[in-house]
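Residue numbers (our numbering), protein chains in the order written: chain A, 1 to 333; chain B, 334 to 556.
Written as structure tokens, this is what we have:
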């Protein structure tokens, strides 16, 4: 609060008292009081009121600063009214009470929204788990079909599984609680898990898989990391180049200082340079997605969110017409 | 040899029946549970060699069932579940489960895990030497012997031959072979499989076993 704000708040009182003092002075002079005494009275009167204003200004400012610092220290700002000490006068108490009521309404709205989100997340998780039984059954049933049908059906089932899996991880990333466990994991196992899941998709589309130096120990959540690798594999399949060259996806790892870096690279169509900064944005499909179709704009977005939670460094390099390389750098222990 | 009994505790009928058919086809004796009220009593009555236990059972969850079974018997348990969080996996293994597989499972992987758990429980190890069709395949040395001669094989060739020898006499489809190889972290495609089989045949021919891997057109390979 500045002095001018304070003055403008109390302007009507100042005006009123000055007018009253003027009227009193005129009355005293008319009643025969000496002019000197009237002036002296005026000065004393002015000093008394000035001191009063200064004290009030200083106290109000201190109080506001106190409230300000309480607000700054709060994580959930809407809990403010619950945390301030009681009002100093009836007026302040009344204001506080109203603000507390507003705060309580907000708290209940927030907790309702959180509960609804939690319920929705639980529903998505149970939906995903329900879906897995029929997918499993269908996988077992299609073993009896003739090889060509089996191959195609397995590919379609893998697609269903991929979509379902993305829904599960989307639900997981949207909720603030962390449900991953960082353990010592073998990178080759993580990669094997992702490759196994997208085996049908990779084989169906004639992608050659190359691996090198994957026998590394990393500290991460194996399932989350495998999901990220799986998204990268799907992209390698979706954005392969249909030319003479055989599409290849290469998974290699290496040590960078104390950290392990996994690189997933392909010889696909690549990403235009001006679109590269936005590929991790939610819903961004880019010109490749538009021309090829089938893009959701969710894969890399989820990768970034999960990588952030796992403290993985995620980088993408690409050259249009040559291919894309994504590197995942696992944190040191 | 007597068939090993595998008990399937799974509430989803289609999965249960298909899984039973799969295991029967692989030479096991599957027993399915259809009444989930007194499962542990049924387990004791059947006393199987292995239990495949679904975690999401009606009534009670698989964890408490596992804990109860562990008090009463030492039958190996493989959890099969659609819940794939690390927390649950740790809980399952700490309760005395022998392995944990998530749905939808990769079939060769499931069979491989079953083989491993059964071997571990019977005290034996995965046999180092496979014998079939007058051949001896030494898995750790990576050599094949027949007619008194021995030759070395590459990693890919060993896995292909081992898969065919485990199913000697049966037709193994190309897709099954590829699945098995992928589980051994050998990521080959259809063309590479053909190349590898051709090389393998040439090596076997040197040992005097020409034509022992037959191509069944449209079906797969047969030893």
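The C-beta atom is built at its ideal place from N, Cα and C for all residues, glycine as well.
- Message: the ligand FAD and residue 340 of chain B: does the residue's C-beta get closer than 6 Å to at least one heavy atom of that ligand?
- Response: No copy of the ligand FAD appears in this structure; indeed no ligand is present at all.
- Query: Where do the ends of the alpha helix (DSSP H) carrying residue 509 of chain B lie?
  - Reply: Locating residue 509 of chain B in the second chain gives position 176, where the first residue counts as 1. Segment 507-516, the alpha helix (DSSP H) holding residue 509 of chain B.
- Query: chain B partners of residue 141 of chain A, CB-CB under 9 Å?
  - Reply: One-based indexing of the first chain puts residue 141 of chain A at position 141. Within chain B, the residues near residue 141 of chain A are 347, 351.
- Task: Please classify residue 533 of chain B: does DSSP put it in a helix, a strand, or coil?
- Result: As a first step, residue 533 of chain B must be located in the second chain, where it is residue number 200. Helix, per DSSP.
- Task: Could you please tell me which residues of the segment 429-442 of chain B, in chain order, have their CB closer than 9 Å to any CB of chain A?
- Result: 435, 436, 437, 438, 439, 440, 442
- Item | Contact under 7 Å by Cβ, residue 270 of chain A with residue 324 of chain A | Residue numbering aside, residue 270 of chain A sits at position 270 when the first chain is read from its first letter. Residue numbering aside, residue 324 of chain A sits at position 324 when the first chain is read from its first letter. For residue 270 of chain A and residue 324 of chain A, yes; Cβs fall inside 7 Å.
- Query: Just checking my contact of residue 382 of chain B with residue 395 of chain B at CB under 8 Å: how many whole Å lie between their CB atoms?
  - Reply: As a working mapping, residue 382 of chain B is identified with position 49 in the second chain. As a working mapping, residue 395 of chain B is identified with position 62 in the second chain. 19 Å between Cβ atoms; not a contact.
- Message: Determine whether the beta carbon atoms of residue 279 of chain A and residue 267 of chain A lie at a separation below 7 Å.
- Response: Translated into the one-based positions of the first chain, residue 279 of chain A becomes position 279. Translated into the one-based positions of the first chain, residue 267 of chain A becomes position 267. No; because the gap between Cβ atoms is not below 7 Å, this pair is not in contact.
- Query: Do you know offhand how far residue 205 of chain A's Cα is from residue 362 of chain B's?
  - Reply: Translated into positions along the first chain, residue 205 of chain A becomes position 205. Translated into positions along the second chain, residue 362 of chain B becomes position 29. So the two alpha carbons sit approximately 38 Å from each other.
- At 7 Å on the CB atoms, spell out the chain A contacts of residue 508 of chain B, in chain order. In the second chain, the residue the question calls residue 508 of chain B occupies position 175. Neighbours of residue 508 of chain B on chain A, chain order: 147, 150, 151.
- Closest Cα partner of residue 475 of chain B within the set B:487, B:465, B:448: Position 142 of the second chain, counted from the first residue, corresponds to residue 475 of chain B. The residue with the shortest Cα to Cα distance from residue 475 of chain B is B:487.
- Contact with chain B by residue 305 of chain A, beta-carbon distance below 7 Å: Position 305 of the first chain holds residue 305 of chain A. Judged by the 7 Å Cβ criterion, residue 305 of chain A is not in contact with chain B.
- Name the chain B residues whose beta carbon is nearer than 8 Å to that of residue 135 of chain A? For the purposes of this step, residue 135 of chain A is identified with residue 135 of the first chain, where counting begins at 1. Result: 436, 437.
- Item | Length-filtered (4 minimum) alpha helix (DSSP H) runs lying within the segment 338-368 of chain B | 346-358
- residue 555 of chain B - partner residues in DSSP beta bridges: The sequence position of residue 555 of chain B within the second chain is 222, counting from 1. Answer by DSSP bridge pairing, in chain order: B:504, B:547.
- Item | Nearest candidate by alpha-carbon position, reference residue 161 of chain A, set A:4, A:239, A:128 | Numbered from its first residue, the first chain carries residue 161 of chain A at position 161. When only C-alpha atoms are compared, the closest one is A:128.
- Message: If we define contact as Cβ-Cβ less than 7 Å, is residue 419 of chain B a contact residue for chain A?
- Response: Taking the first residue of the second chain as position 1, residue 419 of chain B is located at position 86. Yes, because at least one Cβ of chain A sits closer than 7 Å to the Cβ of residue 419 of chain B.
- May I have the straight-line CA-CA distance separating residue 409 of chain B from residue 364 of chain B, to the nearest angstrom? Your numbering for residue 409 of chain B matches position 76 in the second chain. Your numbering for residue 364 of chain B matches position 31 in the second chain. Roughly 15 Å separates the two Cα atoms.
- Is it true that the CB of residue 290 of chain A sits closer than 7 Å to the CB of residue 246 of chain A? By 1-based counting over the first chain, the position of residue 246 of chain A is 246. By 1-based counting over the first chain, the position of residue 290 of chain A is 290. Cβ distance not < 7 Å, so residue 246 of chain A and residue 290 of chain A don't count as in contact.
- Query: Mind checking if residue 271 of chain A is an interface residue toward chain B, Cβ cutoff 7 Å exclusive?
  - Reply: Stepping through the first chain from its first residue, residue 271 of chain A is reached at position 271. It does not; no Cβ of chain B falls within 7 Å.
- Hey, out of A:14, A:80, A:65, A:40, whose CA is closest to residue 53 of chain A's CA? Taking the first residue of the first chain as 1, we reach residue 53 of chain A at position 53. Of the candidates A:14, A:80, A:65, A:40, the one whose C-alpha sits nearest the C-alpha of residue 53 of chain A is A:14.
- Message: I'd like the span of the beta strand (DSSP E) that includes residue 435 of chain B, first residue to last.
- Response: Within the second chain, the letter at position 102 stands for residue 435 of chain B. Start and end: 432-435.
- Query: Any idea what DSSP makes of residue 218 of chain A, helix, strand or coil?
  - Reply: In the first chain, residue 218 of chain A corresponds to position 218, counting from 1. It is a strand residue.
- Note down, in chain order, each residue of its chain lying with its Cβ closer than 6 Å to the Cβ of residue 215 of chain A, except the 5 sequence neighbours on either side. For the purposes of this step, residue 215 of chain A is taken as residue 215 along the first chain, with counting starting at 1. Excluding positions up to five away in sequence, the list reads 188.
- Query: With DSSP run on the structure shown, which of helix, strand or coil describes residue 376 of chain B?
  - Reply: Counting from 1 along the second chain, the entry for residue 376 of chain B is found at position 43. Of the three classes helix, strand and coil, the one that applies to residue 376 of chain B here is helix, per DSSP.
- Item | Cα-Cα separation, residue 220 of chain A to residue 332 of chain A | For the purposes of this step, residue 220 of chain A is identified with residue 220 of the first chain, where counting begins at 1. For the purposes of this step, residue 332 of chain A is identified with residue 332 of the first chain, where counting begins at 1. Residue 220 of chain A and residue 332 of chain A: Cα-Cα distance of roughly 10 Å.
- Query: Does residue 129 of chain A get closer than 7 Å to chain B when you measure Cβ to Cβ?
  - Reply: Translated into the one-based positions of the first chain, residue 129 of chain A becomes position 129. It does: the Cβ of residue 129 of chain A has a partner Cβ on chain B nearer than 7 Å.
- Would you decide whether residue 509 of chain B is buried or exposed? Buried here means 16 or more other CB atoms lie within 10 Å of its CB. If you number the second chain from 1, residue 509 of chain B lands on position 176. Under this definition residue 509 of chain B is a buried residue.
- In the DSSP assignment, find the unbroken alpha helix (DSSP H) run with residue 51 of chain A in it and report its ends. Counting from one through the first chain, the residue named residue 51 of chain A turns up at place 51. Run containing residue 51 of chain A: 35-72, per the alpha helix (DSSP H) assignment.
- Would you kindly check if the distance between the Cβ of residue 541 of chain B and the Cβ of residue 480 of chain B is under 7 Å? Here residue 480 of chain B refers to the residue found at position 147 of the second chain. Here residue 541 of chain B refers to the residue found at position 208 of the second chain. Contact: yes.
- In angstroms with no decimal places, state the Cα-to-Cα distance between residue 56 of chain A and residue 63 of chain A. In the first chain, the residue the question calls residue 56 of chain A occupies position 56. In the first chain, the residue the question calls residue 63 of chain A occupies position 63. The alpha-carbon atoms of residue 56 of chain A and residue 63 of chain A are separated by roughly 11 Å.
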